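Notes follow the structure.
Numbering (the working numbering), first residue to last: 81 to 204.
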């Protein structure tokens, strides 16, 4: 069995939408080879555009499974959550490590607020 590939969130959501509407894997792959001029077919266009760039990855994702690529926001949220855990006395870290984690959390929040960026679970 092949290793799971990483695909963008919008492609993963498109695949799941199609599957949820009874579209089998072979039809997802067959339809990914055709462009749809109808703008109402955004789901199919998403799959088609990805297939144009990397059909083998799409086929591997559809047939063998996939993981969803983390967005930059996901990466910041994950880092922030890790820092929040390190801040806690129950974590077993020494006082200096907890202070460092706290200062890093403040720096992340300050940077995002200064740039006008809101990330759920961090500063929103």
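Beta carbons are placed, not taken as given, at the ideal position from N, Cα and C, and that holds for glycine. No experiment lies behind these values; they were computed from the predicted model shown.
Where residue 108 is concerned, the enclosing alpha helix (DSSP H) starts and stops at 105 to 111. DSSP places residue 123 in the uninterrupted alpha helix (DSSP H) bounded by 122 to 144. Here residue 112 is buried. Its C-beta has 16 or more other C-beta atoms within 10 Å. The DSSP-derived three-state label of residue 86 is strand. By a beta-carbon distance limit of 8 Å, residue 126 contacts residue 94. Their separation comes to about 4 Å. With a cutoff of 8 Å on beta-carbon distance, residue 85 and residue 140 are scored as near each other.
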